[in-house]
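**Student:** Have a look at this one before I ask anything.
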Amino acid sequence: MTTKNLKKGSDPCKGRTLTMKIMEVCGSHTAVIVKSGLASLLPPNIELISGPGCPVCVTAQGDIDNILEIAQKDDVLVVAFGDMLKVPGTRISLKKIRAERGNVEIVYSPLDVINIAESNSEKTVLYFAVGFETTVGATAALIKEAKRKKIRNLKIYSTHKLIMPAMKALLDGESEIDGFILPGHVSTVTGYGYFEDIAKIYKKPAVVAGFWPENVLESVEEIQTLVKRGKAEVKSVYKVVLKSVNMEWQKLVKEFFVVENAAWRGFGKIPKSGLDINDKYKEFDAKLFFNIKDVKRTDKPGCSCGEVIKGMKKPAECSLFGKACVPDNPFGPCMVSEEGSCSVWYKYSYNSKIKGQKSK
42 MTTKNLKKGS DPCKGRTLTM KIMEVCGSHT AVIVKSGLAS LLPPNIELIS GPGCPVCVTA
102 QGDIDNILEI AQKDDVLVVA FGDMLKVPGT RISLKKIRAE RGNVEIVYSP LDVINIAESN
162 SEKTVLYFAV GFETTVGATA ALIKEAKRKK IRNLKIYSTH KLIMPAMKAL LDGESEIDGF
222 ILPGHVSTVT GYGYFEDIAK IYKKPAVVAG FWPENVLESV EEIQTLVKRG KAEVKSVYKV
282 VLKSVNMEWQ KLVKEFFVVE NAAWRGFGKI PKSGLDINDK YKEFDAKLFF NIKDVKRTDK
342 PGCSCGEVIK GMKKPAECSL FGKACVPDNP FGPCMVSEEG SCSVWYKYSY NSKIKGQKSK
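Note that this note's numbering gives residue 165 to position 124 of the sequence shown, counting from 1, and the numbers run on in steps of one.
Right under this line is the structure:
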């Protein structure tokens, strides 16, 4: 599929009368689709739905609140990626705690946490680890280096998640998804064979796409072709991705983590979907150190983020969108992250329409 085809608005679903619902799992694909206006170029019988591929967005409210409670201890220094500071808790945020107490720091790489822990030996340094399969390696490297350097004051609160169980949870529910555009970054790490159960068990086609509009359009065409032929297969139109499951990645997970049931925003507990630090490295496990037994399900009343994540609502269908929830003052995490559907829609669709109206 070329850019020329895209501009012409090629109709890969010609001849199909029923609406085909295709979920782009990855937040980066959502950004490509909305920014390029790609959805408007597709025929009306194709609907693209955003899925649970934003790690900031799917982090459970209970995990956020646990971190916020710990962050208010005098002897604790919390370290996190910048987006996590802006995610609102039930009553407060890391951004506000940072302004009031000064005990929250931003990092751009997990390995930066080593220097922070060494420079603050009198405090317990708590790293809030967030992300899917792609970021597990960086956290593993942090654990390995902390073990080598015998750093005793570093604790890691892992909310690392596996995307496949969430996709299965969607298909086990009431979703009407006909196919998936698979996340390119995750597939690069795991191999696209990692997603075979989507085809084998659930009989849904799934295609890995790159991050240009024409790549996404090509994946839509491939999914439509598979549906018309009655075939459920996992394929890739992203040339850098191999099919074979990455055994080195699997070894890495087994070396440092244990697969557990995990709480997700909007879903509740999903079996075998989270990665906690295993017993071999339990000295770094913040959940053990701070005696955290469970994660309460406390999704914020009024926030539709959980429904947006599952493709049940479009961002603009939330009553708070663009009003009580904007990027400068987010009510929920989907308006925080650059991969969050609400943030993407506000930046590239809703906000541009408002500007256009004001200029008339």
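For each residue, glycine too, the CB sits at the ideal point set by N, CA and C.
With distances taken Cα to Cα, identify the nearest neighbour of phenylalanine 331 among Ile111, Met61, Gly103.
**Tutor:** Start at 1 with the first residue of the sequence shown, and residue 331 comes out as number 290. Ranking Ile111, Met61, Gly103 by Cα distance to phenylalanine 331 puts Ile111 first.
**Student:** I'd like the list of long-range same chain contacts for glycine 315, defined as Cβ closer than 6 Å, with 5 residues on each side in sequence excluded.
**Tutor:** One-based indexing of the sequence shown puts residue 315 at position 274. Same-chain partners within the cutoff: Lys202, Glu301, Ala303.
**Student:** Give a yes or no on contact between the region 190-200 and the region 307-326, applying the rule of three or more CB pairs nearer than 8 Å.
**Tutor:** In short, these stretches touch, since the Cβ pair count reaches three.
**Student:** Pull up the CB-CB distance for leucine 258 and leucine 89, whole angstroms please, since I reckon it's below 8 Å.
**Tutor:** Start at 1 with the first residue of the sequence shown, and residue 258 comes out as number 217. Start at 1 with the first residue of the sequence shown, and residue 89 comes out as number 48. Actually they do not touch by this definition, with Cβ atoms about 11 Å apart.
**Student:** Which one of Asn370, Pro206, Cys383 has the shortest CA to CA distance from isoleucine 133?
**Tutor:** As a first step, residue 133 is located in the sequence shown; it is residue number 92 there, counting from the start. Of the listed residues, the one whose Cα sits closest to isoleucine 133 is Asn370.
**Student:** Under a three-way DSSP split, which group does tyrosine 198 fall into?
**Tutor:** Start at 1 with the first residue of the sequence shown, and residue 198 comes out as number 157. The answer is strand: DSSP assigns tyrosine 198 an E or B state.
**Student:** Give the C-beta separation of glutamate 263 and valine 248 to the nearest angstrom, bearing in mind that I take them to be a contact with Cβ-Cβ under 8 Å.
**Tutor:** Sequence index remark: in the sequence shown, residue 263 carries index 222 (1-based). Sequence index remark: in the sequence shown, residue 248 carries index 207 (1-based). Contact holds; Cβ gap of about 5 Å.
**Student:** So, are the CB atoms of proline 342 and tyrosine 387 less than 9 Å apart?
**Tutor:** Reading the sequence shown from its first residue, position 301 is the one you call residue 342. Reading the sequence shown from its first residue, position 346 is the one you call residue 387. Going by C-beta atoms, proline 342 is not nearer than 9 Å to tyrosine 387.
**Student:** Determine the direct distance from the alpha carbon of leucine 361 to that of lysine 334, and round the result to whole angstroms.
**Tutor:** On the sequence shown, position 293 is the one that residue 334 refers to. On the sequence shown, position 320 is the one that residue 361 refers to. The alpha-carbon atoms of lysine 334 and leucine 361 are separated by roughly 33 Å.
**Student:** Nearest-angstrom Cα distance between aspartate 219 and serine 285?
**Tutor:** Here residue 219 refers to the residue found at position 178 when the sequence shown is read from its first residue. Here residue 285 refers to the residue found at position 244 when the sequence shown is read from its first residue. Their backbone Cα atoms lie some 24 Å apart in a straight line.
**Student:** So the candidates are Gly143, Gly92, Lys164, Val177; which of them puts its Cα closest to the Cα of serine 150?
**Tutor:** Your numbering for residue 150 matches position 109 in the sequence shown. Nearest option by C-alpha distance: Val177.
**Student:** Taking glutamate 174 and isoleucine 204 to be in contact with their CB atoms under 8 Å, please state how far apart those CB atoms are, rounded to whole angstroms.
**Tutor:** For this step, residue 174 is matched to residue 133 along the sequence shown. For this step, residue 204 is matched to residue 163 along the sequence shown. Glutamate 174 to isoleucine 204, Cβ: 7 Å. Contact.
**Student:** Give the single residue among Gly172, Ile242, Phe252, Asn256 whose Cα lies nearest to the Cα of glycine 94.
**Tutor:** Taking the sequence shown and counting its residues from 1, the one referred to as residue 94 is at position 53. The option with the nearest alpha carbon to glycine 94 is Gly172.
**Student:** CA-CA distance, methionine 42 and valine 278?
**Tutor:** Here residue 42 refers to the residue found at position 1 of the sequence shown. Here residue 278 refers to the residue found at position 237 of the sequence shown. At methionine 42, the pLDDT of 45 sits below 50, so the modelled position is not reliable; the number obtained from the coordinates is stated separately. About 10 Å.
**Student:** Quick check on this structure: which residue in Lys272, Tyr233, Gln113, Asp124 has the alpha carbon closest to the alpha carbon of valine 148?
**Tutor:** Your numbering for residue 148 matches position 107 in the sequence shown. That would be Asp124, whose Cα lies nearest to the Cα of valine 148.
**Student:** Expressed to the nearest angstrom, what Euclidean distance is found between the alpha-carbon atoms of glycine 225 and isoleucine 63?
**Tutor:** Counting from one through the sequence shown, the residue named residue 225 turns up at place 184. Counting from one through the sequence shown, the residue named residue 63 turns up at place 22. C-alpha separation (whole angstroms): 16 Å.
**Student:** Applying the criterion that 16 or more other CB atoms from any shown protein chain within 10 Å of the CB defines a buried residue, is threonine 60 buried or exposed?
**Tutor:** In the sequence shown, residue 60 corresponds to position 19, counting from 1. Classification for threonine 60: exposed.
**Student:** What did DSSP end up calling aspartate 317 once you bin it into helix, strand or coil?
**Tutor:** Here residue 317 refers to the residue found at position 276 of the sequence shown. Strand, per DSSP.
**Student:** Give, in chain order, every unbroken run of the alpha helix (DSSP H) that is at least 4 residues long and sits entirely within the region 320-396.
**Tutor:** Listed in chain order, they are 327-330, 346-350, 382-386.
**Student:** Report the residue ranges of all beta strand (DSSP E) runs contained in full by the region 157-239; include only those spanning at least 3 residues, in chain order.
**Tutor:** As far as the region 157-239 is concerned, its whole beta strand (DSSP E) runs of at least 3 residues are 165-170, 195-199, 220-223.
**Student:** On the three-state DSSP scale, how would you describe alanine 250?
**Tutor:** Numbered from 1 along the sequence shown, position 209 holds the residue referred to as residue 250. Coil.
**Student:** Counting along the chain, where does the alpha helix (DSSP H) carrying proline 129 start and finish?
**Tutor:** For the purposes of this step, residue 129 is taken as the residue at position 88 of the sequence shown. Taken as a continuous stretch (DSSP letters only), proline 129 belongs to no alpha helix (DSSP H), as it is neither H nor E.
**Student:** Is the distance from the Cβ of leucine 212 to the Cβ of tyrosine 243 below 9 Å?
**Tutor:** In the sequence shown, the residue the question calls residue 212 occupies position 171. In the sequence shown, the residue the question calls residue 243 occupies position 202. In this structure, tyrosine 243 lies closer than 9 Å to leucine 212 by Cβ.
**Student:** From what residue to what residue does the alpha helix (DSSP H) around proline 84 run?
**Tutor:** For this step, residue 84 is matched to residue 43 along the sequence shown. Looking at the DSSP string, proline 84 is not in any alpha helix (DSSP H), and its letter there is neither H nor E.
**Student:** How would you label valine 75, buried or exposed, when you count the other beta carbons within 10 angstroms and need 16 or more for buried?
**Tutor:** Stepping through the sequence shown from its first residue, residue 75 is reached at position 34. Valine 75 is buried by the Cβ-count criterion.
**Student:** I'd like the list of long-range same chain contacts for serine 382, defined as Cβ closer than 6 Å, with 5 residues on each side in sequence excluded.
**Tutor:** For this step, residue 382 is matched to residue 341 along the sequence shown. The residues are Thr71, Ser91, Val349, Pro356, Cys375.
**Student:** Got a sec? Which residues, its chain only, sit under 6 Å from lysine 337 by beta carbon, not counting five neighbours each side?
**Tutor:** As a working mapping, residue 337 is identified with position 296 in the sequence shown. Excluding positions up to five away in sequence, the list reads Gly103.
**Student:** Per DSSP, which residues does glutamate 65 bridge with? Please list them.
**Tutor:** Counted from its first residue, the sequence shown places residue 65 at position 24. Answer is Ser91, Ile222.
**Student:** When you compare only the Cα positions, how much space is there between glycine 232 and leucine 283?
**Tutor:** Counting from one through the sequence shown, the residue named residue 232 turns up at place 191. Counting from one through the sequence shown, the residue named residue 283 turns up at place 242. Computed Cα separation, rounded: 5 Å.
**Student:** Tell me which same chain residues have a C-beta within less than 6 Å of the C-beta of isoleucine 155, skipping the five on either side of it?
**Tutor:** Taking the first residue of the sequence shown as position 1, residue 155 is located at position 114. Same-chain partners within the cutoff: Glu186.
**Student:** Comparing alpha-carbon positions, which option in Cys346, Ser199, Cys344 lies nearest aspartate 317?
**Tutor:** In the sequence shown, counting from the first residue as 1, residue 317 sits at position 276. It is Ser199 whose Cα lies nearest to the Cα of aspartate 317.
**Student:** Return yes when the Cβ of valine 66 is within less than 9 Å of the Cβ of methionine 288, no when it is not.
**Tutor:** Your numbering for residue 288 matches position 247 in the sequence shown. Your numbering for residue 66 matches position 25 in the sequence shown. Result no, Cβ atoms of methionine 288 and valine 66 do not sit closer than 9 Å.
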